[in-house]
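Engineer:
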Ligand SMILES: Cc1ncc(C[n+]2csc(CCOP(=O)(O)OP(=O)(O)O)c2C)c(N)n1
Ligand code: SF4
Ligand SMILES: [Mg+2]
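Protein chains in written order, with my numbering: chain A, 873 to 1120; chain B, 205 to 554.
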């Protein structure tokens, strides 16, 4: 028997909109996964998102759920206020590496350490996308950016920060995982992780953190395919995929 | 509840609870630590939550989150802590989220000192954070008034969907007075389904976005015009106390603790037959400009007394608009003007 699979837009995707993301950007893929998970878990009317400052600042234009805008890096605190006052809701932060690992370092560590019952999706693209490609805390050694034009030098800027590993040193957080959207095989795993991170919230478990190794073809100065190859070849050795904590 | 002797900070905390505030996010700082301490003991028992934030930056963003769900929310801090909150306050105003913020002021700039001050008048009334926004700013001068203002602040915040700041100073926070705190029931406030997050189901699947980002300049201007109209409307909340002003030749203007000291000076001078009165702004924004202008029309002089180097005096000058000379007297650094000093100032004017 012939099987027909219809590829449709997720129900929680805002009707008829196209994103402003550059072609081949990992933000778009991750948004789609988020929508699929929201649909599959049936939580569209029950979810409150917080939008970051970064390329995903306008994510509320694409995902049809309640949203509150966060100041740069402050989404974990904002989400804490939302979740504490509405513990019946599913609450998430979606943050870039400048947002989460630089300006918002205090907020991310403490949201994890308090074990707030919410979910964080962390888009690591090793650069400040929105402001035009400056160095991020996650920029790799030797990687060029507009503010490390000769490549990141550890003598001057230290080494790229591994957020999963850092957060996993804390006793409280429940689920910490690093995934990627660089190739279809990784995308399938990324979706499973995101789904689990939301299911944890439905089950009223503690804090879940999903790091997504993404890309920024525009500011890396690479065509999309090459960019995702770079994610795999250059980012992954420094940022190994895997589960760092799972409620144990 | 009968009248009981309470410390200012605790009275504010209990008043908030009696007004239905069940969530508090804060960070310790002198001289207001009794508020978070009180909240941490009481709120868990009434089904609410106290969260000790990692910083004032985080605290105000938690307040923003709590406010965004239409919940009565408060944070309290002092001066330097409010500086850290200023980014968040600007976002809260821009996103039109209700919140109550108490500043128990201490001296500045920088770390300054821990003694009482009124040096954050500019910060409260003129901004602090970026952009064209306004806070409703209320300054109590007795603890009973602080109780009432705290309770009403939640209603005003929700009514205007705007942050409300209560500007108290270290004296107000630390002194004890007899207060009566009763349960405050809010009336005629917009239902949270009408604007808040977390009600998509109740709204039949229509979601809600709270944001301050408008990349299109026309849209951003429209947003600012909308906010400006709201701030205009807030002008009807103006409150003041006019004390012995009817026949006054000298009008003193002071707020908060300074107004208490000024009142004693005025009572003493009146016994000597000196015609002096006081206009005490209770709302610092909106400022009682019209009333001051009226009073200045028949007055010989307006004297502003503050616990700072002269901040409210600028609003007084603008209100008086040249109708009478305006002068300033004040102390900074945690020193309060004495009754005698104020009397001497007025005698010198005569
Ligand atoms: C307080 C503050 N500082 C700086 C900025 C400017 N800014 C906007 S986005 C951004 C960096 C975003 O990078 P990242 O979080 O990695 O997100 P990406 O765009 O790469 O997804 C910066 C610095 C800001 N909006 N607010
Ligand atoms: S600038 Fe980079 S992160 Fe931003 S949309 Fe373009 S590719 Fe994506
Ligand atoms: Mg980035």
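Here a beta-carbon is modelled for each residue, glycine too, at the ideal position from N, C-alpha and C.
Predicted model, so just to flag it, every value in this text is computed and none were measured.
Any heavy atom of ligand 2 within a distance shorter than 8 Å of the CB on residue 894(A)?
Structural biologist: Yes, ligand 2 has a heavy atom inside 8 Å of this Cβ.
Engineer: Looking at residue 1004(A) and ligand 3, is the gap between the Cβ and the nearest heavy atom below 8 Å?
Structural biologist: Checking every heavy atom of ligand 3 against the Cβ of residue 1004(A), none is found closer than 8 Å.
Engineer: Whose Cβ in chain C lies nearer than 9 Å to the Cβ of residue 1020(A)?
Structural biologist: Note that chain C does not occur in the displayed structure, where the protein chains are A and B.
Engineer: Quick one: does residue 918(A) have its CB under 9 Å from some CB of chain B?
Structural biologist: Taking Cβ atoms only, chain B reaches closer than 9 Å to residue 918(A), which makes this a yes.
Engineer: Would you identify the three-state DSSP class for residue 471(B), choosing helix, strand or coil?
Structural biologist: Note: residue 471(B) maps to helix in three-state DSSP.
Engineer: Is it buried or exposed for residue 884(A), if we count other Cβ within 10 angstroms and need 16 for buried?
Structural biologist: It counts as buried.
Engineer: Which same chain residues end up closer than 6 Å to residue 286(B) when comparing Cβ atoms and leaving out the 5 residues on each side of it in sequence?
Structural biologist: Around residue 286(B): 307.
Engineer: Excluding five sequence neighbours on each side, which residues of the same chain lie with their C-beta closer than 7 Å to the C-beta of residue 1020(A)?
Structural biologist: So the list reads 1007, 1011, 1029, once near-sequence residues are dropped.
Engineer: Using the beta-carbon of each residue, which ones in chain A are nearer than 7 Å to residue 411(B)?
Structural biologist: Result: 936, 937, 938.
Engineer: With a Cβ-Cβ cutoff of 9 Å, do residue 989(A) and residue 1078(A) count as a contact?
Structural biologist: A contact, by the Cβ cut-off of 9 Å.
Engineer: Who are the Cβ neighbours of residue 360(B) in its own chain at under 7 Å, not counting the five residues just before and after it?
Structural biologist: Within the same chain, residue 360(B) has close Cβ partners 340, 368, 441.
Engineer: I'd like to confirm the pairing. Which residues does DSSP put opposite residue 290(B) in its beta bridges?
Structural biologist: In the DSSP output, where bridge partners are listed per residue, residue 290(B) has none listed.
Engineer: Quick one: is residue 1095(A) buried, meaning 16 or more other Cβ sit within 10 Å of its Cβ, or exposed?
Structural biologist: It counts as exposed.
Engineer: For residue 1010(A), which of helix, strand or coil comes out of DSSP?
Structural biologist: Here residue 1010(A) sits in coil by DSSP.
Engineer: What is the DSSP secondary structure of residue 1117(A), counted as helix, strand or coil?
Structural biologist: DSSP places residue 1117(A) in strand when its eight states are reduced to three.
Engineer: Among 323(B), 521(B), 335(B), 363(B), which residue has its Cα nearest to the Cα of residue 534(B)?
Structural biologist: Among 323(B), 521(B), 335(B), 363(B), the Cα nearest to that of residue 534(B) is on 323(B).
Engineer: Just to confirm, does residue 899(A) get its C-beta within under 8 Å of one of the non-hydrogen atoms of ligand 2?
Structural biologist: Indeed, a heavy atom of ligand 2 lies less than 8 Å from the Cβ.
Engineer: With distances taken between CB atoms, is the gap from residue 998(A) to residue 1032(A) smaller than 9 Å?
Structural biologist: Yes. Within cutoff.
Engineer: Provide the residue(s) that pair with residue 531(B) in DSSP beta bridges, ordered along the chain.
Structural biologist: Looking at the DSSP assignment, residue 531(B) forms a beta bridge with 507(B).
Engineer: Which residues in chain B have a C-beta closer than 9 Å to the C-beta of residue 961(A)? List them in chain order.
Structural biologist: In chain order: 273, 401, 402.
Engineer: Are three or more beta carbon pairs between the region 503-514 of chain B and the region 523-533 of chain B nearer than 8 Å?
Structural biologist: At 8 Å Cβ cutoff, the stretches touch.
Engineer: Can you give me the C-alpha to C-alpha distance between residue 959(A) and residue 425(B), rounded to a whole angstrom?
Structural biologist: Approximately 36 Å, taken between the alpha carbons.
Engineer: Looking at residue 1000(A) and ligand 3, is the gap between the Cβ and the nearest heavy atom below 8 Å?
Structural biologist: Checking every heavy atom of ligand 3 against the Cβ of residue 1000(A), one is found closer than 8 Å.
Engineer: For the alpha helix (DSSP H) that contains residue 375(B), what are its first and last residues?
Structural biologist: Run containing residue 375(B): 374-378, per the alpha helix (DSSP H) assignment.
Engineer: Please list, in chain order, the chain B residues whose beta carbon lies closer than 7 Å to that of residue 984(A).
Structural biologist: Within 7 Å Cβ-Cβ: nothing; residue 984(A) doesn't reach chain B, min ~11 Å.
Engineer: According to DSSP, is residue 280(B) helix, strand or coil?
Structural biologist: It is a strand residue.
Engineer: Would you please verify whether the beta carbon of residue 948(A) is less than 9 Å from any beta carbon of chain B?
Structural biologist: For residue 948(A), the answer is yes, since a Cβ of chain B falls inside 9 Å of its Cβ.
Engineer: Express the C-alpha separation of residue 403(B) and residue 919(A) in angstroms, rounding to a whole number.
Structural biologist: Spanning the two alpha carbons is a distance of roughly 10 Å.
Engineer: Kindly list the residues whose CB is nearer than 8 Å to the CB of residue 247(B), restricted to its own chain and excluding five residues on each side of it in sequence; keep chain order.
Structural biologist: Excluding residues within five positions, the ones whose Cβ falls inside 8 Å are 221, 226, 227, 228, 253, 254.
Engineer: Could you tell me if the beta carbon of residue 970(A) falls within a distance shorter than 8 Å of some heavy atom in ligand 3?
Structural biologist: Result yes, Cβ under 8 Å from ligand 3.
Engineer: Just to confirm the assignment, what range does the beta strand (DSSP E) spanning residue 211(B) have?
Structural biologist: Residue 211(B) -> beta strand (DSSP E) spans 208-211.
Engineer: On the CB-based measure, 16 or more other CB atoms within 10 Å of its CB, does residue 416(B) come out buried or exposed?
Structural biologist: Answer is buried; the Cβ neighbour count reaches 16.
Engineer: According to a CB-to-CB cut-off of less than 9 Å, which residues of the region 876-898 of chain A neighbour chain B?
Structural biologist: Residues: none.
Engineer: Please list, in chain order, all residues of the same chain as residue 1103(A) whose beta carbon is under 6 Å from its beta carbon, the five residues on each side excluded.
Structural biologist: Contacts found: 1054, 1085, 1087.
Engineer: Could you give the C-beta distance for residue 413(B) and residue 932(A), rounded to a whole number, given that I count them as a contact under 8 Å?
Structural biologist: Sure, about 5 Å apart at Cβ, within 8 Å.
Engineer: By how many angstroms is the C-alpha of residue 294(B) removed from the C-alpha of residue 976(A)?
Structural biologist: Roughly 18 Å separates the two Cα atoms.
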